[in-house]
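To start, the structure under review is shown below, and the notes come after it.
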Amino acid sequence: MKPLFTFNNSKKAPKNDQPDRAVPVSRPLSHSLEANLLELQQGVGKSSDVVFRRIGQITDKFPLALVYINGLVNSDKVNQAILQPLTESTDLKEKEMTAEAAFNLIQDQIVKVSDMAELKTFETLQASLFEGNTVILTEGMNRALAADTAGWEKRSITEPSSHGVIRGPKESFTEDLRTGTALLRRRIKSPDLRVEEYKIGQRTQTSIAIVYLKGIADEEVLAELRRRLNGINTDRVLGSNYIEELIGDGGLTPFPTIQNTERPDAIAGGVLEGQIGILIDGTPFSLLAPSVFFNFFQSVEDYNQRFDISSFLRIIRYLSFFVSMMLPALYIAITTFHQEMVPTTLLVSLAAQREGVPFPALIEALMMELTFDVLREAGVRMPRAIGPAISIVGALVLGQAAVQAGLVSAAMVIVVSFTAICNFVIPAQTMANVIRLLRFLMMLIAGILGLFGIMSFLIVLLIHMAGLHSFGVPYLKPVAPMTPRYLKDIFIRAPHWMMKTRPKIAAAQETQKQSSVPEVKPADRSSQHKEDDSP
Amino acid sequence: MNKGSRKRSRRGLLAILSFSLATAGMTACWDNRELNELGIVSGSAYDREDGQWVTTYQIINPSATSSQGGGGGGQGGPSPPFLTFTERGSTIMEAVARSNLTSTRQLYFAHSRITVINEKVAREGIAQLLDLFLRKPDASETVNVFLSERRAGDILNQLMQITKNQGTGIQLMIQQESELTSYYQGIKMFELSMALSSESHCAAIPEIKLTNREIINKIQEAESTDLPTRIALGRLGILKKDRFIGWMSDREAFGLSFMTDKINSAIIPFTSDPEHNEKLDASANLMDSKTIVRPVWEGDHFVMDIDVKGNAMLLELKGKADLSKPAEVSKFERNIEQNILEYINRSWRTVKKLGADVTMFAPLIHRAFPKRWEHIEKEGNWDTVFQEIEIRPRVSISIDRFGLSSKSYKSVEQD
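In the order they appear, the protein sequences are chains Y and D.
Residues are numbered in this note's numbering as their position in the first sequence, beginning at 1, plus a constant of 537.
Residues are numbered in this note's numbering as their position in the second sequence, beginning at 1, plus a constant of 25.
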């Protein structure tokens, strides 16, 4: 319970005393091809995937070399656009010219690659290699050419596996950052969509792109995000949670302050609401910030279905949140402290079930909840082939067999199962995990203090949540501080035509009329073509 | 938030936290009772013998009552749906405390449904009992109260069919009776205390009895279709100032229900053709009845104007009748009204004899004539004023529905 009170918002200050922080020393290329190659070779060691390919050693006129990393480049592209033109060029073989002229000739005419760059230091050269470029080094020049030949094996765009919807786009991000930005560009065809790229992680040099709509995203939030990203001092970023934890607010709060999703439409929706998307190379999961508590109960599905059913489902989600957090605790509290609250018939049948149970309700509940979490974790770890085994065994441990063995009461099995099911209703896994933890705390308190304890804990929790911020946005906005007109998309989902303004929840700069289209009268609202309002 | 105030708020939070943690430790499960430590009381009975309280508690036996027998603990052999404990003590709570000498379970009263009071106990006064129920936190004031002429504990021992939980069963019985028959209403402990502390200081408690001497208290005996002894509702006991003063028969109680506007639905038998046949040979269901009582000061005594209005549905008819003729219908209506008048008058005679204002005239007079009431209170002569009260009942019943046929069967037969 103690961590809940840590209001630490300023822990993200860069730590400069880290020992292995790279000291930027720039080593320039030399004029000698052999010297350059040797230096490069020493730099990467005997890595088998680095290919050094020398050309023109026989003619001796302009010896040059290609360096690339096998697997990161598209071999066909290297062969056809670089190697073939270079070896077949008569000019290069026969014409007399200076090294400078030859270098320019290669750059301008011979190499047929769209994206080329000149490199002058070994550091940039190495970095360029690791991005899949082919580096062309020539004799007599202290500059090198980098041709973009990146073409590694990529996973194709598939259906999202963790955020499924019934009606809606079936694309998800892949591990490739460029695919991600392209998916977003395809959804928001506006020049205001800005993509800023960062390299984070001294060793992994992971590309991270922040995506936002200029003019809609709050400049202050942007500045704060940039400051936090620049302040990150780590040697690795291997997934989205590295970034989430390094830049998130709230200290040791269990509540997430940044959303994550693998759905491009969810990121596009958030960006249109003024949130900032953070795409990370190497993981299909992207982040959205700033995020308030209620964002975690919104699902893209809400905007793809009619408003009435969406509102209903959203209410169900909030209910499930509370049920999942409190049901075992309420069961404990009511059956051990407040028996008068249960209808007599139910009480009698509960008492009958408890007749042969050896443990107090609290121990029974803790035991069963832990069992469920063990099962759940086992289900994730299990190889797919033996997956069905877990459901069979699970049904025994958490089911009728356990009741018949006299270990637990049947009511407790139902409570635990319903709690578990409710937990899966919450669209954001991070939020669902919060209550997985809080549940245990709540059960303990309910076992000591009953309903009074549950109520006190809820109050403490509320106070804690009211004190949280996500990038300067109060965590309970727009409920606390209350802005009634922003509530259209919080507990219910108002029809699209009613949501004319962009709520300022996500720190959007201003409340704007939707789509800057002149206001449409309700009579012809069916023909209205609107473009935003869906995070 | 600047640094200083954040530091201060953190210290405040820590203080709150440590305080709440400390209190959590202090409480140490003081109220923690597991369900299998509780004896859920469904009914209690109070007798007095040799100057001591004899209390009987009926405890639900969960594994026998619950539908699926319970998990794990279902040992073979039928066990009764409830068990009873009888204890003696100079006070009620002493008797309760002594029950722990024989019972494995802590008595838990919150789900108690009925309380049966022996007539003798009621004659001596039930103030102590009322106080206990209003004072003790887990004693529910919503228990239905009954009077019993025989030993009250015997009632709780009697097994019931269909509704195995006897306390609940008796509560259902009285609810159904007041809903469908309306001879009298069940009274709950809080209603009883409210009635006894009102201006009239009177209350009516239904009687609960066993139809035979012998008690059916073994499940084997309860397996026959027609139990030789059953639980039944009987007369209406009248209390004045927490003491029992007498009984009213169920018919007299019926009239009282009309006077106090407590009729929900009732069956009224009547004579379809009083000129030729005096016997009751038809009945109607009074579906909706409203009584308005108005006190009037007539110089030297009060007269209560009692207006009963209601709608009825014809249910059975012996003689010839054509219901499409309004004259015949209104003849029936007059007969029904006559019967109700008879009920009311008979009831009033008994009430007057008992001298107990269960008709609740006192609050009405207080409301209508506050000055005169003050005078009565000062004189303390309500009892004599009450004896001088005259009632002027007027009943108007209309038969709105005749059921599915518009002619009596006899008429059809002759046609």
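Beta carbons are placed, not taken as given, at the ideal position from N, Cα and C, and that holds for glycine.
What do you reckon, are the CB atoms on residue 902(Y) and residue 855(Y) nearer than 8 Å? Taking the first sequence and counting its residues from 1, one reaches residue 902(Y) at position 365. Taking the first sequence and counting its residues from 1, one reaches residue 855(Y) at position 318. No, they are not a contact pair.
Could you pull out every residue in the same chain whose Cβ sits closer than 7 Å to the Cβ of residue 586(Y), ignoring the five residues on either side in sequence? The residue labelled residue 586(Y) in the question sits at position 49 within the first sequence. Scanning its chain for C-beta atoms nearer than 7 Å, with the 5 sequence neighbours on each side dropped, one finds around residue 586(Y) the residues 606, 607, 608, in chain order.
For residue 897(Y) and chain D, any beta-carbon pair shorter than 8 Å? Taking the first residue of the first sequence as position 1, residue 897(Y) is located at position 360. Contacts with chain D at 8 Å (Cβ-Cβ) include residue 897(Y).
For residue 761(Y), which residues from the same chain have a beta carbon less than 8 Å from its beta carbon, with the 5 sequence-adjacent residues on both sides left out? In the first sequence, the residue the question calls residue 761(Y) occupies position 224. Taken in chain order, the residues that qualify are 1008, 1009.
Neighbourhood of residue 711(Y) by C-beta distance below 8 Å, restricted to the same chain and skipping five residues each side: Within the first sequence, numbered from 1, the residue matching residue 711(Y) stands at position 174. Counting only Cβ-Cβ distances below 8 Å, and skipping sequence neighbours, we find 691, 692, 693, 694, 695, 717, 821.
Any idea what DSSP makes of residue 1034(Y), helix, strand or coil? Looking up residue 1034(Y) in the first sequence gives position 497. Residue 1034(Y) falls in the helix class under three-state DSSP.
Can you tell me where the alpha helix (DSSP H) with residue 434(D) in it begins and where it stops? Along the second sequence, one-based indexing puts residue 434(D) at 409. That run of the alpha helix (DSSP H) goes 434 to 439.
Determine the direct distance from the alpha carbon of residue 229(D) to that of residue 334(D), and round the result to whole angstroms. Within the second sequence, residue 334(D) is the residue found at index 309, counting from 1. Within the second sequence, residue 229(D) is the residue found at index 204, counting from 1. For residue 334(D) and residue 229(D), the distance between alpha carbons rounds to 24 Å.
Here's a check: name, in chain order, each residue in its chain whose Cβ is nearer than 8 Å to the Cβ of residue 725(Y), leaving out the five neighbours to either side. Position 188 of the first sequence, counting from 1, holds the residue named residue 725(Y). For residue 725(Y), where only same-chain residues beyond five positions count, the Cβ hits under 8 Å are 750, 805, 808, 809.
Where does residue 351(D) sit, in a helix, a strand or coil, going by DSSP? For this step, residue 351(D) is matched to residue 326 along the second sequence. Note: residue 351(D) maps to helix in three-state DSSP.
Are the C-beta atoms of residue 956(Y) and some chain D residue less than 8 Å apart? In the first sequence, the residue the question calls residue 956(Y) occupies position 419. Chain D contact via Cβ: absent.
Between which two residues does the alpha helix (DSSP H) holding residue 386(D) run? Locating residue 386(D) in the second sequence gives position 361, counting from the first residue. Residue 386(D) -> alpha helix (DSSP H) spans 386 to 393.
Using only alpha-carbon positions, find the residue among 295(D), 318(D), 188(D) that is nearest to residue 392(D). Translated into the one-based positions of the second sequence, residue 392(D) becomes position 367. Nearest C-alpha to residue 392(D): 318(D).
Around the Cβ of residue 1017(Y), are there at least 16 other Cβ atoms within 10 angstroms (buried) or fewer (exposed)? Walking along the first sequence from the start, residue 1017(Y) turns up at place 480. Under the 10 Å beta carbon count, residue 1017(Y) is surrounded by fewer than 16 other beta carbons and is classified as exposed.
Strictly by DSSP, which residues pair up with residue 854(Y)? Counting from one through the first sequence, the residue named residue 854(Y) turns up at place 317. Answer by DSSP bridge pairing: none, since residue 854(Y) is not bridged.
Can you name the start and end residues of the beta strand (DSSP E) that residue 881(Y) belongs to? As a working mapping, residue 881(Y) is identified with position 344 in the first sequence. Premise fails: residue 881(Y) lies in the alpha helix (DSSP H), 881 to 891, not in any beta strand (DSSP E).
Can you name the residues that DSSP bridges to residue 273(D)? Within the second sequence, residue 273(D) is the residue found at index 248, counting from 1. Looking at the DSSP assignment, residue 273(D) forms a beta bridge with 261(D).
For residue 704(Y), which option in 878(Y), 873(Y), 836(Y) has the closest C-alpha, if you only look at C-alpha atoms? Within the first sequence, numbered from 1, the residue matching residue 704(Y) stands at position 167. Answer by Cα proximity: 836(Y).
Pick from 784(Y), 681(Y), 792(Y), 1020(Y): whose alpha carbon is nearest that of residue 640(Y)? Walking along the first sequence from the start, residue 640(Y) turns up at place 103. Selected option, being the one with the closest Cα: 681(Y).
Output yes if chain C places a C-beta closer than 8 Å to the C-beta of residue 796(Y); else output no. Note that chain C does not occur in the displayed structure, where the protein chains are Y and D.
Rounded to a whole number of angstroms, what is the C-alpha to C-alpha distance between residue 398(D) and residue 331(D)? Along the second sequence, one-based indexing puts residue 398(D) at 373. Along the second sequence, one-based indexing puts residue 331(D) at 306. The straight-line gap separating the alpha-carbon atoms of residue 398(D) and residue 331(D) is approximately 20 Å.
Three Cβ pairs or more, each shorter than 8 Å: is that satisfied between the stretch 197 to 212 of chain D and the stretch 148 to 162 of chain D? Two segments are said to touch when three or more pairs of C-beta atoms, one from each, lie closer than 8 Å; by this definition the stretch 197 to 212 of chain D does not touch the stretch 148 to 162 of chain D.
Segment contact, 8 Å Cβ cut-off, at least three pairs: the stretch 926 to 934 of chain Y with the stretch 1019 to 1035 of chain Y: no
In the DSSP assignment, find the unbroken alpha helix (DSSP H) run with residue 841(Y) in it and report its ends. On the first sequence, residue 841(Y) is found 304 positions in, with the first residue counted as 1. Residue 841(Y) -> alpha helix (DSSP H) spans 837 to 841.
In chain Y, what lies closer than 8 Å to residue 88(D) by C-beta? Residue mapping note: residue 88(D) aligns to position 63 of the second sequence, counting from 1. Neighbours of residue 88(D) on chain Y, chain order: 889, 892.
Inter-residue CB distance, residue 285(D) and residue 185(D) (contact presumed, cutoff 8 Å): Taking the second sequence and counting its residues from 1, one reaches residue 285(D) at position 260. Taking the second sequence and counting its residues from 1, one reaches residue 185(D) at position 160. About 30 Å; that fails the 8 Å criterion.
Unbroken beta strand (DSSP E) run spanning residue 931(Y), endpoints: By one-based count along the first sequence, residue 931(Y) stands at place 394. First-last for residue 931(Y): 924 to 934, but that is the alpha helix (DSSP H), not the beta strand (DSSP E).
Given a limit of 9 Å on CB to CB distance, which residues of the stretch 58 to 74 of chain D reach chain Y? 58, 59, 60, 61, 63, 65, 67
Below 6 Å CB to CB, which residues in the same chain sit around residue 89(D) once its five sequence neighbours on both sides are set aside? For the purposes of this step, residue 89(D) is taken as residue 64 along the second sequence, with counting starting at 1. Answer for residue 89(D): 104, 106, listed in chain order.
Beta strand (DSSP E) segment containing residue 336(D), residue limits: One-based indexing of the second sequence puts residue 336(D) at position 311. Unbroken beta strand (DSSP E) run through residue 336(D): 327 to 342.
Residues in the same chain with beta-carbon distance under 8 Å from residue 54(D), minus the five sequence neighbours each way, listed in chain order, please. Position 29 of the second sequence, counting from 1, holds the residue named residue 54(D). Confidence is the limiting factor: at residue 54(D) the pLDDT is only 48, short of 50, which leaves the residue's position unreliable, though a coordinate-based value still follows. Correct list: empty, nothing qualifies.
Contact criterion: CB-CB distance below 8 Å. Does residue 884(Y) meet it with respect to chain D? For the purposes of this step, residue 884(Y) is taken as residue 347 along the first sequence, with counting starting at 1. Answer yes: the Cβ-Cβ gap between residue 884(Y) and chain D drops below 8 Å somewhere.
Through-space distance from residue 967(Y) to residue 850(Y), alpha-carbon basis: To locate residue 850(Y), count along the first sequence from 1; it is residue 313. To locate residue 967(Y), count along the first sequence from 1; it is residue 430. For residue 850(Y) and residue 967(Y), the distance between alpha carbons rounds to 19 Å.
Verify whether the separation of the beta carbon atoms of residue 769(Y) and residue 783(Y) is less than 8 Å. One-based indexing of the first sequence puts residue 769(Y) at position 232. One-based indexing of the first sequence puts residue 783(Y) at position 246. The answer is yes: Cβ separation under 8 Å.
Secondary structure of residue 174(D), DSSP reduced to three states: Position 149 of the second sequence, counting from 1, holds the residue named residue 174(D). In the structure shown, residue 174(D) sits in coil (DSSP, three-state: anything other than H, G, I, E or B).
Taking 8 Å as the CB-CB cut-off, is residue 193(D) touching chain Y? Numbered from 1 along the second sequence, position 168 holds the residue referred to as residue 193(D). True, the Cβ-Cβ gap to chain Y drops below 8 Å.
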